[in-house]
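Undergrad:
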Amino acid sequence: MIYGGDGLARMPADAKGKGKAVFVPFVLPGEQVEASLRNEKPGYAQARLEKVVTASPQRIEPNCPYFQQCGGCNYQHTDYENQLAIKADTLKENLRRIGKIELSSELQIHPSPPWNYRNRARLKIRISPSFAIGYYKFASHELLPIEKCPISSPAINEAISKLWELGRGGLFPQGMDEIEIFADADDSQLLIEIYCDTPPVALEKFITELQRAVPQTAGVVVFRSVRRAAPGAELQVLANSGATNLSYRTEHASYQVSAGAFFQVNRHLTDELVRLVTDGRSGELALDLYAGVGLFSSALAKNFAQVIAVEASPISHADLRYNLPPNVRAVRAATEQYLVKMKVQAKMRGESADYIVVDPPRSGLGETLVQLLGDSKAPRITYVSCDPATLAHDLRGLLAAGYNIEQAHFIDLFPQTYHVESVFHLHLAR
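All residue numbers for the sequence shown refer to this note's numbering, where the first residue is 100 and numbers rise by one.
1) Secondary structure at Lys-440, three-state DSSP: helix, strand or coil?
2) Are any of the Cβ atoms in chain B nearer than 8 Å to that of His-176?
3) Assuming Gln-515 is part of the beta strand (DSSP E), what are its boundary residues?
4) Would you check if the distance between the CB atom of Ser-211 and the CB atom of Asn-365 is smaller than 8 Å?
5) Would you list, in sequence order, the uninterrupted alpha helix (DSSP H) runs of no fewer than 4 residues that lie entirely inside the segment 152 to 211?
6) Got a sec? Which residues, its chain only, sit under 7 Å from Ile-159 by beta carbon, not counting five neighbours each side?
7) Nearest CA to the CA of Tyr-102: which residue from His-524, Val-522, Ser-155 and Tyr-517?
8) Going by beta carbon distance, what residues of the same chain come within less than 8 Å of Gln-273, once the five residues before and after it are set aside?
9) Can you check which of these residues, Glu-264, Arg-326 and Leu-127, is closest to Ser-155 by C-alpha distance?
10) Nearest CA to the CA of His-416: which residue from Cys-295, Ala-477, Phe-361 and Leu-242?
11) Closest to Leu-222 by CA distance: which of Tyr-216, Gln-310 and Lys-236 is it?
12) Could you give the C-beta distance for Arg-348 and Ala-284, rounded to a whole number, given that I count them as a contact under 8 Å?
13) Below 6 Å CB to CB, which residues in the same chain sit around Leu-464 once its five sequence neighbours on both sides are set aside?
14) Over what stretch of residues does the alpha helix (DSSP H) that includes Asp-276 continue unbroken?
15) Do Leu-394 and Val-373 have their beta-carbon atoms positioned less than 8 Å apart in this structure?
16) According to DSSP, simplified to helix, strand and coil, what is Gly-233?
17) To the nearest angstrom, how far is it from the Cα of His-524 to the Cα of Leu-388?
18) Starting from Cys-295, follow its DSSP beta bridges and name the residues at the other end.
19) How do the segment 276 to 294 and the segment 307 to 322 stand: do at least 3 beta-carbon pairs fall below 8 Å, yes or no?
20) If you compare alpha carbons, which of Ile-293, Thr-467 and Ala-385 is closest to Ile-455?
21) Given a threshold of 16 other Cβ atoms within 10 Å of its Cβ, counted over all protein chains shown, does Glu-139 qualify as buried or as exposed?
22) On the CB-based measure, 16 or more other CB atoms within 10 Å of its CB, does Val-519 come out buried or exposed?
23) Since Arg-479 is in the alpha helix (DSSP H), which residue starts that stretch and which ends it?
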C-alpha cells in the first residue's frame, strides 16, 4: 500500500528488466484482482478495480453505501486495526524512501473512534437540473449525491438530512456552490458556512428557512463563492445571521472559532493532539508557527513565560488574538517572513526560543523554512505533519542541521482515509 490509498502492483518486466508501476485503489496487500488501465503515463499507470479474485483475510464489508464511488474514504474495505498498520507502514516507508530516515525509536500509534469523528463537513451543491448535495466522485470533479456520511458527527448527519428536505422543497436559491457545517465539541451547536453568488433577497429567505429546519444552528455566514474570487483573495462576507463563531471547548481551554477559520477536524482526538505537542515542555520562550486559532499556544502558555503565536490568515488571526492569555503575543505574518525577522532580532538581542512548534499545511515547510529553523538552534522543535512526503523532505533537512528525532507519533485524525497525521519531537544534538 502507498500513500494516497492505492495498492502498488507492477506490469510484466520491459526490456530494461523492470515492470511499470500500476496504482490500484480499494485493494489490500497480497490480493489477486482484476483491474483495467484507466490512465497510462510513461513511468506509471493508474487502474480501476474490476474484481477481487482472491481476497485478503482483512477485507470487510464497507460501512457506507457510497464507498468506492465517493472520493472521501479509501480504507473502509478493511478493519480498523489493519488501517492503522497500513498507515504506520506508509509513514515509515515515506521517511525511508524520501528522507533516507530509519526510525531508531518506536512509532507510537494513537487511534481514534473510527466513525462519526469529523466535526466539519463541506458539501458541493447542485441546484439544477435536479437538486443534490454531496462530495466529488472518486478521481473526478463530478458530484456524487450523498444523504449521509458515517465519518461525520451525528449532528452534521442530521443537518445533511434537513438540507435534503429544503432542497427537495425547492428552497435552495440559484447561485449556491458549497455549504460547510461545523459542529462544536459537544456536537450540540452548528455553525454553517455557505459559498455562493446569490442575490441578497434570496439569501435572507433561505437563511430563515435553514435556521428553522436545523434548530441546532447557532449562526449562518455566507461568503462569496471561492471559485469566483481572485486567487489568494480574502473571504468576502455577503450575509450572516446569528453567531459568526462557535466556542469549542477542550480540556485546556475554550476557543472561539469563526466561520472561515481552521480548526482540527477530529472531535475525539483534539485533547490527545494538544497533549502530544505540549506536555513536558517548559521554558522562557516558545514559538507556535502556523498557530491557527491558538490550539497549542494556549496550552503552551501555562509552562512558558512567553509564547509567540504566528498566523497568516486574517480570520484565524482574529480568533487567535481573542483566545490567547496575556503572556501570548499573536503575530499576523507568513511564517518565513516572521522567522527572517526573528533571526535578525535574535542576533541583536542575543535571545532565542526554547521550543518551536510547526504545524504547516500539506505543502510542508520547504528548504528556506527548514534552513531558518535549523539556524534558530532552538533546543527542541516539534513538527506536526499532515503529509508524510513533505514531512520526510523537511525532516531530512532538519536532521542535517543537527537535530535528532526524539519521539515519533502517528495520531489517526482521519480514519477510513489515507491521510496520515504525525507528531515528531526533535532535539538539537549537543
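For glycine and all other residues, C-beta sits at the position ideal for the given N, C-alpha and C. All of these numbers come straight from a predicted model, not from anything done at the bench.
TA: Quick look at the numbers:
1) Taking the first residue of the sequence shown as position 1, residue 440 is located at position 341. Note: Lys-440 maps to helix in three-state DSSP.
2) Here chain B cannot be found, since the structure has a single protein chain.
3) The count along the sequence shown starts at 1 and reaches residue 515 at position 416. Looking at the DSSP string, Gln-515 is not in any beta strand (DSSP E), and its letter there is neither H nor E.
4) Position 112 of the sequence shown, counted from the first residue, corresponds to residue 211. Position 266 of the sequence shown, counted from the first residue, corresponds to residue 365. Yes, they are a contact pair.
5) 179 to 198
6) Counting from one through the sequence shown, the residue named residue 159 turns up at place 60. His-176, Thr-177 and Asp-178, listed in sequence order.
7) As a position in the sequence shown, residue 102 is number 3, starting the count at 1. Residue Tyr-517 is the option with its Cα nearest to Tyr-102.
8) Counting from one through the sequence shown, the residue named residue 273 turns up at place 174. Ile-226, Ser-227, Thr-297 and Ala-301, listed in sequence order.
9) The sequence position of residue 155 within the sequence shown is 56, counting from 1. Per the Cα distances, Leu-127.
10) Here the question's residue 416 lines up with position 317 in the sequence shown. His-416 has its Cα closest to that of Phe-361, out of Cys-295, Ala-477, Phe-361 and Leu-242.
11) For the purposes of this step, residue 222 is taken as residue 123 along the sequence shown, with counting starting at 1. Nearest option by C-alpha distance: Lys-236.
12) To locate residue 348, count along the sequence shown from 1; it is residue 249. To locate residue 284, count along the sequence shown from 1; it is residue 185. Yes, Arg-348 and Ala-284 are in contact; Cβ-Cβ is about 5 Å, under 8 Å.
13) Here the question's residue 464 lines up with position 365 in the sequence shown. Result list for Leu-464: Asp-493, in chain order.
14) Counting from one through the sequence shown, the residue named residue 276 turns up at place 177. It is not in any alpha helix (DSSP H) - Asp-276 instead sits in the beta strand (DSSP E) that spans 275 to 282.
15) As a first step, residue 373 must be located in the sequence shown, where it is residue number 274. As a first step, residue 394 must be located in the sequence shown, where it is residue number 295. For Val-373 and Leu-394, yes; Cβs fall inside 8 Å.
16) Indexing the sequence shown from 1 puts residue 233 at position 134. Strand.
17) Stepping through the sequence shown from its first residue, residue 524 is reached at position 425. Stepping through the sequence shown from its first residue, residue 388 is reached at position 289. Computed Cα separation, rounded: 15 Å.
18) Stepping through the sequence shown from its first residue, residue 295 is reached at position 196. DSSP, once it has assigned bridges, lists Met-275 and Arg-323 as partnering Cys-295.
19) Touching, yes.
20) Here residue 455 refers to the residue found at position 356 when the sequence shown is read from its first residue. Closest by alpha carbon: Ala-385.
21) What you label residue 139 is simply residue 40 of the sequence shown in a count that begins at 1. Burial call: exposed.
22) Translated into positions along the sequence shown, residue 519 becomes position 420. Buried, since its Cβ has 16 or more Cβ neighbours within 10 Å.
23) The sequence position of residue 479 within the sequence shown is 380, counting from 1. No alpha helix (DSSP H) contains Arg-479, which is instead part of the beta strand (DSSP E) from 479 to 484.
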